[in-house]
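Student: The sequence shown runs contiguously to residue 992 in our numbering. Note that beta-carbon positions come from the ideal geometry of N, C-alpha and C, so glycine has one too. Quantities reported herein were computed from a predicted structural model and do not represent experimental measurements.
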Amino acid sequence: MVSSPLVSLYLLLFLIFHNIHHSSPFSLSVEKLEQDVIVSSPKPTFTAGFYPVGQNAYSFAIWFTQTPSNTENATVVWMANRDQPVNGKRSTLSLLETGNLVLTDAGEFVVWSTNTNSSKPLELHLHDTGNLVLQEQNDINSKSVLWQSFDFPTDTLLPGQSLSKNINLVSFRSERNYSSGFYHLLFDLENVLRLLYQGPRDSSVYWPDPWLQNNGLREMTYNESRAVRLDGLGKLVSSDNFIFTTSDYGTLLQRRLTLDHDGNVRIYSRKFEEERWSVSGQFRSQPCLVNGICGPNSICSYDPTIGRKCSCLPHHSWIDNQDWSQGCKPNFQLWCNKSMTGYDDESQFLRLPGVDFYGYDSGSFKNRTFEQCKTLCLQLCHCRGFQHTFSAGDGVFNCYPKLQLLNGRHGPGFMGSIFLRLPTTNLLSSDYNNPYHNNKGLVCSTSDGGVEQVVRFYYEAKGNGSVKVLLYFASGLGGIELVCIFLVWCFLFRSDRKHLDADKHGYVLAAATGFQRFSYSELKQATKGFSKEIGRGAGGIVYKGVLSDNRVAAIKRLHEVANQGESEFLAEVSIIGRLNHMNLIGMWGYCAEGKHRLLVYEYMQNGSLAQNLLPNSDALDSGRRYNIALGTARGLAYLHEECLEWILHCDIKPQNILLDSEYQPKVADFGLSKLLNRNDLNNSSFSRIRGTRGYMAPEWVFHLPITSKVDVYSYGIVVLEMITGKSPTTGVQMTELGAQPHHHERLVTWVREKRRKGLEVASSWVDQIVDPALGSNYDINEMEILATVALECVEEEKDERPSMSQVVERLQNS
């Protein structure tokens, strides 16, 4: 509680401030107490106020109200002055008597205003839709809108908010740099909704696929009603006939559409009163198909084990090794010496198979041989190389001489090659077999450039001498009080230092995630003394509990083994803090008190998949099993390929797949996960074998490199178990096989044998493996698709297994 001298200091500052700004009918100051610098919507769903964007730098913003309050980690949906933050001293937002809402930096510089004018009574309201509205009173029953934030979005659209003509969504520069970035969502001159990369040196459209723009894709040239809108149920509708529905469409949730700093548009959703967002839809599924990711003269490649990576072309080096968007520069001088033949004879070409540089061609030349294409490039002094690609539709090779090498990407599915133009002397020193030899790639990082401290010169204003005396007096009393408080705190801290150090050690990262920290007594009371056990595993026991705010939670109490409990606690908190997807379990908080380590999760009403596959359970019909397989694949694909960190789960099994009230799956229990460091390319080293008997991939047994394909294998086993109702750990009758394979091969071998025999006699092999609990009430096509995909996932060779995103695509398309 604040004592009277300190209160008097605050009141004195408040009176002085309002004495200076008495002409403003409404004003917020960045220096006031926290409760005075925010405006809340009625429920309150949204909050508006000064949001910290850097050291001594603030923007006036709107964000989803945090519970508990944690402004620095809030979800910001709008900013007034993101490119010109104001200082933490003497900056104000004022509604003037002229009708203009003005943001002033350091009491002197106007950095933003609504540019409105009115002599009528004014009102400023923040609605529960997230719309900040300035309106004037026309008469007793009539009001009109002067200005509203919905008309000026930044990087986010909220349900009911439209993106219309001449309005862009512009991404942030990076995850924590809130200034304007390089990516735009806008309507072009043909009234088509597009994603545009507008970098420091070049710009290009990358969604919808540019090569389709001349094929009648969503052409709406004569449609002037440009608008795109997201509703609360998860449907996005655009005036160019583009319709997008989220994976959780049909449920009324909190939603937002955001153009993220990596150039992808994602739709996020969450349940009301919850803090974690899930990705329920995105415009681009492949990270390297976003332009500008790696800059000029560099190649974007994707590997599930390390994520998206940028690499310089051979004989090129980074312009800035801390910023991949700057690209690379050549380490050679390319002279253009045309001989009597009419083309440069001082250059040769290095083949880069599977590499594509989209755009910036000098022309498109159909049905050209390699030599003809080579000659075309050598005739152009500014040709940097050429692409020679086979066109399956025409049955010929096409030639594309390149004037710039931008939007480069590498993928095994691309059938063409880029031939890089190099001086002959450089080509002789190249490694033809491995053109990327010793080419150190720059791994994409979530680090940001930050926002520099705002520097302003302040001038002392002339004031009343008596006011200064009162101010000095109050300041002196406040200073004495602070010294006393500090001395008392030091005494208390010293007496309990050992206990605090034990609690604090290793949990800075967990605290930074913004989760609620519970005391051990709170969780003991919530679980009624840990009496209702709902699950257990190698890491600990899970109990059902009711929190003080009446939320039902699953509370995992880790075993009190010093090393194991500590490491698994840190693993779960740090990993789950990076995740947000509708098919991954949501975490609400944690407890780190003495030797106690507990995690608080959202409670899943229908328990685990394992419980629902028991013989006495008939809740899972074939449709639900198919949806569970699809949802689980989506969650794992997010872990492997879409989240900001690339994660292996390493313990996929039915016990770790939980089902909510609608039987939607959520992958849980990351205590055995391996968080991959994208800055360390040696991600195949694990300190110990991880997983559960029966679900582990052969790589663990034979000490092979560990990649995301171990999760793919375990997923395949789980799907086979869902189809057959048979556990891989207990096996099946193998007498007809004439052999006894290893325990983890029993179920797989049995299904493969049934499939082989069924195909030989052209009979329905699926009927012979489907869980008898389903009877005849199942879709044979769905079961066959699941079984086929599962068998592909459990191939012995990891390179033969699909990625989880390919599994999702197969199941969705089917």
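Using only the alpha-carbon positions, how far apart do K343 and V370 sit?
Tutor: 11 Å
Student: When you compare each of V574, N545, R735 and S447 to K413 by their alpha carbons, which one comes out closest?
Tutor: Selection V574, N545, R735 and S447 evaluated against K413 yields S447 as nearest (Cα-Cα).
Student: Look at the alpha carbon of S297 and the alpha carbon of T276, and state the distance between them as a whole number of angstroms.
Tutor: 6 Å
Student: Please report how far the alpha carbon of L302 lies from the alpha carbon of L437, in whole angstroms.
Tutor: 28 Å
Student: Hey, P531 and C506: beta-carbon distance below 8 Å or not?
Tutor: No, the pair does not count as a contact, with Cβ atoms beyond the cut-off.
Student: Quick check on DSSP: helix, strand or coil for M782?
Tutor: Three-state DSSP puts M782 in coil, outside helix and strand.
Student: May I ask you to report which of helix, strand or coil DSSP gives Q550?
Tutor: helix
Student: Express the C-alpha separation of G723 and H774 in angstroms, rounding to a whole number.
Tutor: 17 Å
Student: At which residues does the beta strand (DSSP E) containing N316 begin and terminate?
Tutor: L310 to D317
Student: Hey, out of A226, W241 and I958, whose CA is closest to I216's CA?
Tutor: A226
Student: With DSSP as the reference, label T429 as helix, strand or coil.
Tutor: coil
Student: Three or more C-beta pairs closer than 8 Å, one from the region 890 to 904 and one from the region 969 to 980: is that the case here?
Tutor: yes
Student: Could you compute how far the alpha carbon of L205 sits from the alpha carbon of S272?
Tutor: Note on residue identity: the sequence assigns Ser, not Leu, to residue 205. If I take the Cα positions, the gap works out to 4 Å.
Student: Based on the DSSP output, what are the partners of H494 in its beta bridges?
Tutor: P508
Student: On the DSSP bridge assignment, give the partners of K722 in chain order.
Tutor: A732
Student: Is it right to say R260 is buried, meaning 16 or more other beta carbons lie within 10 angstroms of its own, or is it exposed?
Tutor: Flag for R260 reads buried.
Student: For R803, count neighbouring C-beta atoms within 10 Å of its own C-beta (all shown protein chains included) and say buried if the count is 16 or more, exposed if not.
Tutor: buried
Student: Measure from the alpha carbon of T870 to the alpha carbon of each residue in K831, I835, N509 and C555, then state which is nearest.
Tutor: K831
Student: Indicate the three-state DSSP secondary structure (helix, strand or coil) for Y893 in the structure shown.
Tutor: Assignment of Y893 by DSSP, reduced to helix, strand and coil, places it in the helix class.
Student: Does the beta-carbon distance from G713 to S786 come in below 8 Å?
Tutor: yes
Student: Following the continuous beta strand (DSSP E) through I421, name the residue where it begins and the one where it ends.
Tutor: Here the beta strand (DSSP E) through I421 covers I421 to T423.
Student: Beta-carbon separation of S989 and A807 under 8 Å?
Tutor: According to the sequence shown, residue 989 is Leu rather than Ser. Their beta carbons are under 8 Å apart, which means L989 touches A807 by this criterion.
Student: Which of helix, strand or coil does DSSP assign to Q464?
Tutor: coil
Student: What would DSSP say about M760, mapped onto helix, strand or coil?
Tutor: coil
Student: Put L968 into one of helix, strand or coil per three-state DSSP.
Tutor: Position check: residue 968 holds Ala in this sequence, whereas Leu was assumed. Helix, per DSSP.
Student: Check whether the region 493 to 508 and the region 564 to 572 touch, using three or more Cβ-Cβ pairs below 8 Å as the test.
Tutor: Counting C-beta pairs closer than 8 Å gives fewer than three between the region 493 to 508 and the region 564 to 572, which falls short of the contact rule.
Student: If you scan the region 234 to 288 from start to end, which runs of the beta strand (DSSP E) of 3 or more residues do you find wholly inside it?
Tutor: Restricting attention to beta strand (DSSP E) runs no shorter than 3 residues, the region 234 to 288 encloses them at 235 to 242, 254 to 257, 270 to 273 and 279 to 283, ordered along the chain.
Student: Rounded to the nearest angstrom, how far is the Cβ of L762 from that of G813, given a contact under 8 Å?
Tutor: That pair is a contact at about 5 Å.
Student: Please list the terminal residues of the continuous beta strand (DSSP E) segment that includes L324.
Tutor: Boundaries of the beta strand (DSSP E) harbouring L324: S320 to Q326, taken from the DSSP string.
Student: I need the straight-line Cα distance from L584 to M765, nearest angstrom please.
Tutor: 41 Å
Student: Could you tell me the distance, in whole angstroms, from the CA atom of Y356 to the CA atom of G537?
Tutor: 30 Å
Student: State the start and end residues of the unbroken alpha helix (DSSP H) segment that holds E987.
Tutor: Where E987 is concerned, the enclosing alpha helix (DSSP H) starts and stops at M982 to N991.
Student: Which word fits W928, buried or exposed, when buried means at least 16 other C-beta atoms lie within 10 angstroms of its C-beta?
Tutor: Buried is the call here.
Student: Can you find the residues in the same chain that come closer than 7 Å, C-beta to C-beta, to E382, ignoring five residues on each side of it along the sequence?
Tutor: Reading the sequence as shown, one finds Ser at residue 382 and not Glu. Y375, N469, G537 and N585.
Student: If the criterion is Cβ atoms closer than 8 Å, does the pair L791 and M900 meet it?
Tutor: yes
Student: Please report how far the alpha carbon of R587 lies from the alpha carbon of S795, in whole angstroms.
Tutor: 49 Å
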